[in-house]
Structure formats: C-alpha cells, structure tokens
Amino acid sequence: MEHGSDMIRPTVAPRVLTALMVVLFLTLTTASVEGDSEAAELHVISSHSHDGGAFTQGLEMHDGFLYESTGLYGNSSLREVDPASGEVLRQKQLEESLFGEGITVVGDTIVMLTWREEVALVFDIETFEVVGNHTYSGEGWGLCNDGTSLVMSNGTSELAFRDPEDFTVQSTLLVTLDGQQTNLLNELECVGGMIYANVWRSDLILVINSTSGAVEFTVDASQLAASESGPSKGVLNGIAYFAEHDAFLVTGKNWTSMHLVSFESGQEPVEDDDTDLESVTSATGSPPRAEVLSLAVLLGIPLTLLILFLWMSGTPGSPSRRRIHNPPATRASTEGDR
C-alpha cells in the first residue's frame, strides 16, 4: 500500500535525524578537543650563574645586554647583568617605598612597573636615571613590548595593551587555557605574535596567542625549579628572549642559576640547539587546529544539509509531526612572596 511508506517515515526519519545529529555533534566536539593547547618540552642549552640575592621580577635582553628588575620593599633595583657569567655590571636601587616589578625596553628607555604603587618608572637605558613615569590603576606584575603596544599583567587572567607613549589602555585580552580563564599571569615576554608568561607559584610557562588570548602551548619548567636547592629559592619568574641564540633565558626568584633554553613541540623534532621558535609555535599551534576545523567543516556542511533535507521531507502537512528540540546551552589578594 502506498500509505505504508508514509506511515513508516515518521518513525524512521527521527531515528536517522538523531543519528546524523550525533555524528555532527561528535565531529564538532572532536574539532574542539583537538584545538586545545599542546605541551612542549623544555630543552636546556646551557646554564649560567645568577645572583641568589636577586628577587627577580623582570628579565629582558636588548642588543646583547641583559636587564633585570628585582623586587621587595627596600631591596628593589634595576640591573644590567652579564648573561654569560651572571655578574651584575651596574644597578640602580629604588626608593624603599617602591616594590619593583616587570620591565621592558622602549626605545632608549626601560619601563619598570611597581606592584601596588600604581606608577611605572621610566629609566634612561644608558645612565639608569629616572627620566619620567606613568600612572595606572591597580597592581603591576609583568610587562613586555610587542613592537606596537606594551602588554601588562596584573595577576589576573586579563592582559592590558597600553600605549607606549602615555600608558593609556588601548585594549584588553582575556587569557584562556583549554577554554578556561587562567589567573596569576606574571612576568611576560613578547616574541613573534606570542606572549610568553610565567604563572605565579607555578612551574608552567604559557605561550599565549596575542590576538585570541588562547594558550597555544604550555611548557613545564619543573626540572629547572627542582635543580635549585638554595634555602631562599623562590618561584620560577623571569623569561627573556635571546635573539642571538633564538632561545630564552629563564630564572627564578633568588635562584643561583639561570638557563638558556629552547622549547620542543613534540610534534616536530628539533635537531639541534638552535631551535626555530617560529616553527615550534606553528607545530603546536594554529596549523593542526586549522586542519581539524577544516575537516569538521567539510563533514559538517553535507551532514547539516542532509539533516535539513530529511527534516523538511519528513511528513508534509501532518499535524502529528514531531519536532526535535535542542536543549538550551547550558586577583590574588595575598601575595607574601611577590
């Protein structure tokens, strides 16, 4: 009977639709999971001495010179350090009322944040004399220069992009790790469209996409922290890009050593110490995600069209036609060792 097929359709179509929708959901979910951050291995190239009395807050390489800022009231300073020997070549002590934080080079000056004093000091890079200052609201933690803006952290999950001239906020960026906000962002380093960030009281280094705020990959530096045995050893803090070696200098608060390191993506082997950080980033970041999302789109579009076709051709004009309804979508206040 011709009516037989019409009677079967309301039963079969919903089942087919349900199955196809499950497939589509799993496809898109897989794309989302595959787009999560990747882990990169830390590769130690060499280790060097570091002043164990330095409560490191910022680290910056510029034209072959290493600059370091130290914290604590009454002991904060700006230093020039020999990266090979760790010898302090010169330093400028801050007033006892100031707690030094992150630094970055801007032209022929060095800008240094302060923790709770809401002022950024501007030093002449040649003389270390204070030649100006900027004011801001809230706490200052880390600072880096991306070539256009100064990127500043304040211990939350939000980064502020500031004008290098007047320090006004141009925009903000929420940082997420696998879809979740990540707090306590500390010392920063800007390299090639990425922001490398220490996380306070953590041995992780996060590599953040400066456009999306997503953490592209993480680096576990616990092996470096474990190698420190000094009684005053503090947390991992301080990361500076060393362009000459295409690698990074990292250290910690009151550490007696600093290390020249590169990052291995795990997806593309690194053959020597001269790690190409751009290739590491692309091996662990956007390309794999783009491929997965492209596959999801290729599968998702025809599945969606098929679902729409079956839905529209289910039982035209039938008052008992069933509809499928989707369910509705469902700053650290105490810092004793800042």
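Numbering (numbering that gives the first Met the number 0), first residue to last: 0 to 337.
Using N, Cα and C, we set each Cβ at its ideal position, and we do this for glycine too.
Taking residue i as the reference, which of the options has the closest Cα?
i, options, result
"V190", "V121, D202 and N208", "N208"
"P163", "D202, W140 and A119", "A119"
"T155", "G178, L184 and A239", "L184"
"F241", "L93, S45 and T171", "S45"
"G73", "W140, D81 and K91", "K91"
"M193", "Q222, G146, W114 and L41", "G146"
"W254", "D245, A246, F247 and L223", "L223"
"Y66", "E138, T250 and I204", "T250"
"P82", "S264, F262, F247 and I204", "F247"
"A196", "H244, E227, E243 and W140", "W140"
"I204", "H244, E227, D245 and S261", "S261"
What do you reckon, are the CB atoms on residue i and residue j nearer than 8 Å?
i, j, result
"G51", "G212", "no"
"A39", "T210", "no"
"L176", "F122", "no"
"S75", "H47", "no"
"S96", "E117", "no"
"T103", "I124", "no"
"I238", "L88", "no"
"Q180", "L173", "yes"
"R200", "V168", "no"
"L112", "M151", "yes"
"L158", "L149", "no"
"G70", "F98", "yes"
"K252", "F54", "yes"
"F166", "H133", "yes"
"E186", "N236", "yes"
"V105", "N153", "no"
"M257", "H42", "no"
"S36", "V214", "yes"
Report buried or exposed for residue i, applying the criterion of at least 16 other Cβ atoms within 10 angstroms of its Cβ.
i, result
"Q56", "buried"
"V198", "buried"
"E128", "exposed"
"G101", "buried"
"T126", "exposed"
"V11", "Note that V11 scores a pLDDT of 43, beneath 50, so its modelled location is shaky; the value from the coordinates is reported in the next line. The residue is exposed, with fewer than 16 neighbouring Cβ atoms inside 10 Å."
"A220", "buried"
"E94", "exposed"
"T171", "exposed"
"E138", "buried"
"A225", "exposed"
"S231", "exposed"
"L259", "buried"
"G316", "Because the pLDDT at G316 is just 46, under 50, the model does not fix this residue reliably, and the value given afterwards should be weighed accordingly. Exposed, since its Cβ has fewer than 16 Cβ neighbours within 10 Å."
Per DSSP, what are the beta-bridge partners of residue i in this structure?
i, result
"G131", "V121"
"Y195", "E188 and V206"
"L142", "M151"
"L58", "E67"
"G51", "Answer by DSSP bridge pairing: none, since G51 is not bridged."
"E157", "L173"
"T113", "G99"
"Q179", "L176"
"E263", "E40"
"K91", "L77"
"D219", "L203"
"A239", "L248"
"E45", "The displayed chain sequence assigns Ser, not Glu, to residue 45. For S45, which the question treats as bridged, DSSP gives the partners L259."
"V105", "T108"
"V339", "An answer regarding residue 339 cannot be provided, because it is not within the stretch 0 to 337 covered by the chain."
"V234", "Answer by DSSP bridge pairing: none, since V234 is not bridged."
Any heavy atom of the ligand COA inside 7 Å of the beta-carbon of residue i?
i, result
"H133", "Ligands displayed in this structure: none; no statement on the ligand COA is therefore possible."
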